[in-house]
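There are 2 protein chains.
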Amino acid sequence: MAEVENALRDFFTGRQDLVDAVGGGYREAVTTLEDFVLRGGKRVRPAFAWTGWLGAGGDARGPEAGPVLRACSALELVQACALVHDDIIDASTTRRGFPTVHVEFAEQHRTGGWSGDSAHFGEGVAILLGDLALAWADDMIRESGITPDASARISPVWSAMRTEVLGGQFLDISNEARADESIDAAMKVNRYKTAAYTIERPLHLGAALAGADDTLVSAYRRFGTDIGIAFQLRDDLLGVFGDPAVTGKPSGDDLRAGKRTVLFAMSLQRADAGDPAAAALLREGIGTDLSDSDVDTLRNTITSLGAVADVEKQIEDLVATALSTLETSTATTAAKQQLTEMAVAATRRDY
Amino acid sequence: MAEVENALRDFFTGRQDLVDAVGGGYREAVTTLEDFVLRGGKRVRPAFAWTGWLGAGGDARGPEAGPVLRACSALELVQACALVHDDIIDASTTRRGFPTVHVEFAEQHRTGGWSGDSAHFGEGVAILLGDLALAWADDMIRESGITPDASARISPVWSAMRTEVLGGQFLDISNEARADESIDAAMKVNRYKTAAYTIERPLHLGAALAGADDTLVSAYRRFGTDIGIAFQLRDDLLGVFGDPAVTGKPSGDDLRAGKRTVLFAMSLQRADAGDPAAAALLREGIGTDLSDSDVDTLRNTITSLGAVADVEKQIEDLVATALSTLETSTATTAAKQQLTEMAVAATRRDY
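So the protein sequences, as listed, match chains A and B. Following the numbering used here from start to finish, the first sequence increments by one per residue and tops out at 1561. Following the numbering used here from start to finish, the second sequence increments by one per residue and tops out at 1561.
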């Protein structure tokens, strides 16, 4: 969506005077954040919010379209904060083929021969730039030009979305630290870190911008939750079985990183029920520095246990339920078609 | 200000359902944040904002008082984010006599015998809780009940304040890393990390809430900038000469931490001009693990060079200018008196 990028670019341009007044390298740091935001991603969240708005009767050629587009684009700034901070938390070194923000500033520190610890400096700058993205997300919504009524309608949605995604991130690191093996715990992370944040709340936001009634809001939210969870389950499969050329991550990355996914929890549950040797293999392997052949062994174990088939079935069921919710909703025909395509694209098996 | 605490407590109570829905320990983590916010500080920023509003004609017994108080209290949530994240960046272990947030969660991780690195876990949780405080600051403003007109008036002030304080924090770590020795660089940090954020913008916010005219806004901002810088200069003196029993920090803490304060930059400038031995002593000592007797030597050097007298003089001049700006402003008589007391208390020599 080129319009989203333009809206973001305009927003950054509008912040230049304020940033330049501070001076002393702040501008250069903010430019790093801007590059990160502008080069990034598929704009999934603005796309769902915008389509949600259209589906609730928004008019892409009407006077509200510009303000609404800006409000939807602000989701990318929340996402910039989430990614920059997550990359510190996960100690990730690359993102979208570039060094992560904290790595880039650590490198600048090292190259400059500055005093203190380079890694710590990089993390400090990345914490501050993530904060700035989060603060600016609010500024961008507030300055979007939407009506005070629309502002009031989206306020609880915007609030819930940020509270939920931070909760989902918290559960994620907390489950990993506690080595929580339950399917429930993994499912909660999917619900809040991904489903609510990526699809349910963006659609809800779009609906609230349009002043949709409760029936449509409820349909959107059920659709968004189901597709969002299915999307994360697909991502879990990709994290173990995905082609590095497609995912951009090393093969079996989630196993090495010790991610407590639903796929892994289901594998463990099945192994505990009938295959103690497989259970031991899974527990000993997860979160360790696995060789490629170790990864292959774990993959085969997970498949043989039937967990892959389980997860595929769950994705299929969720997508079917979601599409039927959408079909019987009061969204416009064009939006139904568009959202169906987006849902299928987000959950399709393509490896 | 007990009213500020009540407003904050009510806000946290209002967030409980959202937090409980996420579950899995999120509530306990949020309670840690709440405790941090409620036990904290002198509420300087809400006090300046509130007094600024009164001084611009706000009526403490009128219908706007409740909403305005809530909007002013939201400043404490921005401050919670700033402190929690700053403590990670500065690797501080205690704050207000308690373990810092990242240290507390690292300890929880260690005690629980959880997997992974305890320090890294603690920092991850603290990053997320700081983000939550920042997001909730916006929610609290938005839900404060101020009128749409007042919202529109404060929007650019709120935006500038957050952009400036993050810029000031960035300059702070960047100056330290680059070992920038200029007075200008140190003064910029004072301006943005402290003066704008602590006094100038809170007053500006109060004025904007009341719909004050440009003349009063301008007077408030000049007063706030001068007092804010004087306050930081006083803090710089305390960081080197303060009594640990009063400051709550080890004696000479800023010297050990390598803080590039105006006091230190002035000392260096004077030493470079006529005392190369003192200059060498200062450069070799700053940011190292100084013994108490080393600290004493550096203190004596700084005093002998005349830098303390310089800074005291600068504080005195700034306070005098600020009070005269305030006196000739159109603020109410009661607010002038109150702001004078607050200004004097914030900049007084009391060690």
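Even glycine gets a Cβ: it sits at the ideal position worked out from N, Cα and C. If you're wondering where the values come from, they're calculated on a predicted model, not measured in any experiment.
Residue i versus residue j: straight-line alpha-carbon distance, rounded
i	j	result
residue 1241/A	residue 1302/B	29 Å
residue 1519/A	residue 1405/A	21 Å
residue 1389/A	residue 1468/A	9 Å
residue 1283/A	residue 1339/A	18 Å
residue 1461/B	residue 1453/B	6 Å
residue 1429/B	residue 1211/B	25 Å
residue 1235/B	residue 1374/A	13 Å
residue 1447/B	residue 1473/B	7 Å
residue 1295/A	residue 1309/B	22 Å
residue 1227/A	residue 1233/A	10 Å
residue 1393/B	residue 1517/B	12 Å
residue 1549/A	residue 1253/A	14 Å
residue 1224/B	residue 1354/A	27 Å
residue 1215/A	residue 1285/A	12 Å
residue 1376/B	residue 1412/B	16 Å
residue 1409/A	residue 1323/B	36 Å
residue 1335/B	residue 1475/B	36 Å
residue 1545/B	residue 1486/B	49 Å
residue 1251/B	residue 1555/B	15 Å
residue 1358/B	residue 1427/B	20 Å
residue 1418/B	residue 1422/A	33 Å
residue 1478/B	residue 1513/B	12 Å
residue 1532/A	residue 1371/A	20 Å
residue 1415/A	residue 1345/A	18 Å
residue 1386/A	residue 1258/A	30 Å
Exposure of residue i, with buried meaning 16 or more beta-carbon neighbours within 10 Å
i	result
residue 1523/B	exposed
residue 1347/A	buried
residue 1369/A	buried
residue 1420/A	buried
residue 1510/B	exposed
residue 1256/B	buried
residue 1273/B	exposed
residue 1321/A	exposed
residue 1455/B	exposed
residue 1270/A	exposed
residue 1425/A	exposed
Residue span of the alpha helix (DSSP H) that contains residue i, given as start and end
i	result
residue 1534/B	1517-1537
residue 1260/B	1254-1265
residue 1445/A	1424-1451
residue 1303/A	From DSSP, residue 1303/A is part of no alpha helix (DSSP H); its letter is neither H nor E.
residue 1546/B	1543-1557
residue 1408/A	Careful: residue 1408/A lies outside any alpha helix (DSSP H) and carries neither H nor E.
residue 1484/B	1472-1484
residue 1245/B	1236-1248
residue 1398/A	1393-1399
residue 1378/A	1358-1388
residue 1283/B	1275-1283
residue 1500/B	It is not in any alpha helix (DSSP H) - residue 1500/B carries neither H nor E in the DSSP assignment.
residue 1328/A	1328-1352
residue 1230/A	1226-1232
residue 1560/B	Neither: residue 1560/B is in no alpha helix (DSSP H) and is coded neither H nor E.
residue 1320/B	1311-1322
residue 1467/A	1463-1467
residue 1270/B	Run containing residue 1270/B: none; DSSP gives neither H nor E here.
residue 1454/A	1454-1457
8 Å contact criterion, which residue i and residue j should meet: CB distance rounded
i	j	result
residue 1437/B	residue 1553/B	5 Å
residue 1305/B	residue 1297/B	6 Å
residue 1489/B	residue 1482/B	5 Å
residue 1465/A	residue 1500/A	6 Å
residue 1311/B	residue 1246/B	6 Å
residue 1291/B	residue 1360/B	At roughly 23 Å, the Cβ-Cβ gap does not stay under 8 Å, so residue 1291/B and residue 1360/B are not in contact.
residue 1493/A	residue 1395/A	Their Cβ separation, rounded to whole angstroms, is 16 Å, which puts residue 1493/A and residue 1395/A out of contact at 8 Å.
residue 1381/B	residue 1399/B	5 Å
residue 1383/B	residue 1299/B	6 Å
residue 1337/A	residue 1337/B	6 Å
Could you tell me whether the segment 1523-1540 of chain A touches the segment 1494-1508 of chain A, using the rule of 3 or more Cβ pairs below 8 Å? Because the criterion of three Cβ pairs below 8 Å is not met, the segment 1523-1540 of chain A and the segment 1494-1508 of chain A do not touch.
With contact counted as at least three CB pairs below 8 Å, one residue from each stretch, are the segment 1440-1451 of chain B and the segment 1396-1415 of chain B in contact? In this structure the segment 1440-1451 of chain B lies against the segment 1396-1415 of chain B, because at least three pairs of beta carbons, one per stretch, are closer than 8 Å.
For the structure I just gave you, are there three or more beta carbon pairs, one from the segment 1274-1290 of chain B and one from the segment 1328-1336 of chain B, closer than 8 Å? In short, these stretches do not touch, since the Cβ pair count stays below three.
Please confirm if the segment 1238-1258 of chain B is in contact with the segment 1309-1326 of chain B, defined as three or more CB-CB distances below 8 Å between the two stretches. Taking a cut-off of 8 Å for Cβ pairs, the segment 1238-1258 of chain B and the segment 1309-1326 of chain B touch, as three or more such pairs fall below it.
Count Cβ pairs between the segment 1262-1279 of chain A and the segment 1529-1547 of chain A that sit closer than 8 Å; are there 3 or more? Output reads yes: the segment 1529-1547 of chain A touches the segment 1262-1279 of chain A.
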